[in-house]
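Input: a single structure, listed below in structure tokens.
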Amino acid sequence: MRRESGFSYLELLIAALVLAIATVGALATWSYSSRAPANKRVTEMGVYVAVQEIERLKARRYMGLEDTPAGSPLVTYYDRYGAPSASGTPQPQGYKVKAFITPAVDRDATPNTEDLREIRVEVWDNNETTRYEEARVLLAFGGS
3 MRRESGFSYL ELLIAALVLA IATVGALATW SYSSRAPANK RVTEMGVYVA VQEIERLKAR
63 RYMGLEDTPA GSPLVTYYDR YGAPSASGTP QPQGYKVKAF ITPAVDRDAT PNTEDLREIR
123 VEVWDNNETT RYEEARVLLA FGGS
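Take the sequence shown: its letters are residues 3 to 146, numbered as in our numbering.
This is the structure we're talking about:
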């Protein structure tokens, strides 16, 4: 009996199956890695917007800030690039920032150097379905 060189059908089928599994795995990895930079940008932008909003509020100084009533935060909209909305309305793929200003320390109900206010900022998508960031800072009566 002569043995012919080459592949049998079974060997060819197994090789094709192994190649198909490797290809599917490579495509799934490629799909996941191509989405990662976009998700990273959204997450980093949330931090950037939160810091920007806190700095904007701190620039108003202690006496220029009013405490926000419970459930009624200051709302600011930002575009997808982190710039404040000029129109004050939601921007496509933008961010909604809610700022809460509350007294942290007020011992004698008189503004003095013993007082502290807490500024808490939450960064959301426009529909408030995803919260990207929450940041807090204390502001002293004498400045920042």
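All C-beta atoms, glycine included, are put in the ideal place defined by N, C-alpha and C.
Review point. Under the rule that 16 or more other beta-carbon atoms within 10 Å means buried, what is Arg62, buried or exposed?
Key: Label assigned to Arg62: exposed.
Check your understanding: Between Val26 and the rest of its own chain, which residues show a CB-CB distance below 8 Å, the 5 nearest in sequence each way excluded?
Key -> Cβ within range, chain order: n/a, list empty.
Review point. To the nearest angstrom, how far is it from the Cα of Asn114 to the Cα of Gly66?
Key: If you take the alpha carbons of Asn114 and Gly66, they lie about 14 Å apart.
Exercise for review: Pull up the distance between the alpha-carbon of Gly8 and that of Trp32, whole angstroms please.
Suggested key: Roughly 34 Å between the two C-alpha positions.
Review point. Where does Val20 land, buried or exposed, given buried means 16+ other C-beta within 10 angstroms?
Key: Counting Cβ neighbours within 10 Å, Val20 comes out exposed, since fewer than 16 surround it.
Practice item. Would you list the one or two residues that DSSP bridges to Glu135? Key: When DSSP reads this structure, Glu135 sits in a beta bridge with Val125.
Exercise for review: Output the residue ranges of the beta strand (DSSP E) runs that lie fully inside the segment 54-111 and measure 3 residues or longer, sorted by chain position.
Suggested key: Counting only runs of 3 or more residues that sit fully inside the segment 54-111, the beta strand (DSSP E) segments are 76-80 and 97-107, in chain order.
**Study point:** Local conformation of Met47 per DSSP, three classes
**Key:** The answer is helix: DSSP assigns Met47 an H, G or I state.
Exercise for review: Return no unless some Cβ of chain C is closer than 7 Å to the Cβ of Glu57.
Suggested key: Structure shown: chain C not included; a single protein chain is present.
Review point. Glu130 by DSSP, collapsed to three states: which one?
Key: Three-state DSSP puts Glu130 in coil, outside helix and strand.
Practice item. Answer with buried or exposed for Gly48, where buried requires no fewer than 16 other C-beta atoms within 10 angstroms of its C-beta. Key: Counting Cβ neighbours within 10 Å, Gly48 comes out buried, since at least 16 surround it.
Practice item. Report back the beta-carbon spacing between Ala137 and Ile56 to the nearest angstrom; my notes put them in contact at under 8 Å. Key: Separation of the CB atoms of Ala137 and Ile56 is rounded to 6 Å, and the pair is thereby assigned contact status at 8 Å.
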